[in-house]
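This report concerns only the one structure given below.
Numbering (full-length UniProt numbering), first residue to last: 1 to 326.
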């Protein structure tokens, strides 16, 4: 440090000859006044929580659903009309029940037919909720409502099929099975309405009808035997019809042949009569020539290569053979 440099001078020189200036002391800052910010912050916070409460307690009702409003677990109302709705915060809760048609696959069940045969029936049901309050009061949940519906379907199907024979159930050409679905649907709805479950079965259909495994082979064997018997009946009927047609054809053929022979005989007789008449007219003009012609015809019929004729030499027949025409 240079002793000549006055004390407190802000300019200094380093060993390289560069001058450094000392920093001036900072001026003190004014304190921040936080009181002017607390009102906007408080208002923003209140608005945020208000919006949060409104959004979390707003719900939308769709066209294909019911919205059930519960207050402390009790149902206070059911919203059916579509739109945006509000509930009371922290007190009310919302649950949803479908309004559209639903399909339920009924469990496979074994029943006995009228003719004491066991079969396995597999059904399905199309159903919907018509009264949410009654459904909640008497069934509680969708699962419980389906369970009760399945019990009624099984009971009605067992009763209705128990009045039919096995062949009537499995035969597609029989009309009883077609009306059975409508009958079961109607009876199940009557039971559901009696107990006021608030649901409606739109349709019950039979998907599959099977035999128990232990009975399948016996039934298949019987069906094959019945089909063979039916086929044999058809073959027998065909053979009988074939013989009938053949007999008819033979009879008609004999009649045609007989008629033809009769007509041929008549024609031949007429021809012979006409030929005889012509012969008579022709030969009557020259009897000697006729006699000669008849003799020659007899020669052609009686004389052959090995024919031996013994007759007098002066007979007319011998004279003709020897060529003596006098």
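Here a beta-carbon is modelled for each residue, glycine too, at the ideal position from N, C-alpha and C. Predicted model, so just to flag it, every value in this text is computed and none were measured.
A straight-line Cα-Cα distance of about 13 Å links residue 134 and residue 66. Residue nearest to residue 91 within the set 57, 124, 102 is 57 (criterion: CA-CA distance). According to the DSSP assignment, residue 110 belongs to the beta strand (DSSP E) that extends over 109–112. In the DSSP assignment, residue 40 falls outside any beta strand (DSSP E) and within the unbroken alpha helix (DSSP H) covering 38–56. The three-state reading of DSSP puts residue 73 in coil, since its state is none of H, G, I, E or B.
The region 111–122 and the region 153–163 touch, with no fewer than 3 CB-CB distances between them shorter than 8 Å. Take the alpha-carbon of residue 60 and the one of residue 98: they are about 14 Å apart. Between the region 196–208 and the region 142–149 there are three or more C-beta pairs closer than 8 Å, enough to call the two in contact.
When secondary structure is reduced to three states using DSSP, residue 115 falls in the coil class, being assigned neither helix nor strand. A residue is called buried once 16 or more other Cβ atoms fall within 10 Å of its Cβ, and residue 143, having fewer, is exposed.
Separation of residue 167 and residue 103 (C-alpha to C-alpha, rounded to the nearest whole angstrom) is 29 Å. Residue state for residue 91 is assigned as coil, using DSSP reduced to three classes.
Non-local beta-carbon contacts of residue 124 in its own chain, meaning distances under 8 Å to residues more than five positions away in sequence, involve 103, 104, 105, 106, 204, 205, 207 in chain order. One Cα belongs to residue 185, the other to residue 121, and the distance between them is close to 16 Å. Residue range 142–161 is occupied by the alpha helix (DSSP H) that includes residue 159, with no beta strand (DSSP E) assigned at that position. Within the same chain, Cβ atoms closer than 8 Å to the Cβ of residue 62 are found at 82, the five residues on either side in sequence being excluded. Under the DSSP assignment, residue 167 falls in the alpha helix (DSSP H) whose first and last residues are 166–170. 7 Å or more divides the Cβ of residue 95 from the Cβ of residue 76.
Looking at the backbone, the Cα of residue 73 and that of residue 89 are separated by about 14 Å. Straight-line measurement puts the Cα of residue 129 at about 15 Å from the Cα of residue 190. Nearest to residue 100 by C-alpha distance, out of 241, 131, 110, 109, is 131. Taken through DSSP and simplified to helix, strand or coil, residue 96 comes out as strand.
A straight line joining the alpha-carbon of residue 51 with that of residue 157 spans about 56 Å. The C-beta distance from residue 153 to residue 188 rounds to 6 Å, short enough to meet the 8 Å contact threshold. Annotation: residue 40 to residue 79 spans about 39 Å, alpha carbon to alpha carbon. For residue 125, the beta-bridge partners assigned by DSSP are 104, 204.
Its Cα nearest to that of residue 193, the residue 138 stands out among 238, 226, 232, 138. Pairing residue 44 with residue 53, the inter-Cα distance amounts to about 14 Å. Note on geometry: alpha-carbon atoms of residue 267 and residue 261 lie some 10 Å from one another. For residue 242, the number of other beta carbons within 10 angstroms of its own is below 16, and it is reported as exposed. Residue 118 is not a Cβ neighbour of residue 108, given a cutoff of 7 Å. Classified as buried, residue 180 has 16 or more neighbouring CB atoms from the shown chains inside 10 Å of its CB.
Residue 220 and residue 231 have their C-alpha atoms some 16 Å from each other.
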